[in-house]
Amino acid sequence: VRALLSTNPVIAAGLYAFLMCAATVVAPIALLPTVPLVAPILGPVVTGFSCWIGWTVGAVIAFLIARHGGRPFLLRVIDLASLERFESRLPHTVHGALIVALRLALPVDVLSYALGLFSNVGLFTYTIASALGIFWFSFAFAYLGYAYSEDRAVLFLLFSVVSAIIFVSALVYIRQATRLKD
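Here's what the structure looks like:
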């Protein structure tokens, strides 16, 4: 597998982005644990971009499914109970900064369906905010996997600490923003 992926990096990156997209749309599938395994093969930059593109496109598809397909379709794709837990905590009006923070703190799939179903955010705002929110961890997971496999402790520690700070900051912002429910 390593040799096949190494000799066809463009195809491998495209396939990986497609799998990330599909895993986001079909919520029970989680490919996040594969990121540290793929990063040493494709490299952290290619893996990061593949994750970012795949997760972002998947998030938009999931959002559109929820927005236009509604509850009957979602009952076949995702557990509606988990979505309803998000609904109770979301403000009716969701703005871009909150979406960025939610993306930094919550799984891409469930959040995409929840925002598509329960919020009034527009597609353009949703897409831009999601892409921004997904960006950091797409590359952080890729660089963490790469640093671990290459025994680069300083790089691993740097991405771990910065990721923890970003995650905690996002949680604090979400807590403050959702207290101000309209």
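So in this note's numbering, the last one in the sequence shown is 1555, and the numbering has no gaps at all. Quick reminder that beta carbons are idealized off the backbone N, C-alpha and C, glycines included.
Taking 8 Å as the cut-off, the Cβ atoms of valine 1408 and phenylalanine 1512 do not count as close. Residue environment analysis places serine 1542 among the exposed positions, since fewer than 16 neighbouring C-beta atoms fall within 10 angstroms of its C-beta. Counted as a single uninterrupted DSSP element, the alpha helix (DSSP H) harbouring serine 1511 occupies residues 1496-1522. Cβ atoms of glycine 1489 and arginine 1440 come within 8 Å of each other, at about 4 Å. Taking C-beta atoms under 8 Å as the contact rule, threonine 1397 and alanine 1435 qualify, at a distance of about 6 Å. In the structure shown, the three-state DSSP call for proline 1480 is coil.
Residues of the same chain with a CB within less than 7 Å of the CB of leucine 1528, apart from the 5 flanking positions on each side, are Tyr1516, Ala1520 in chain order.
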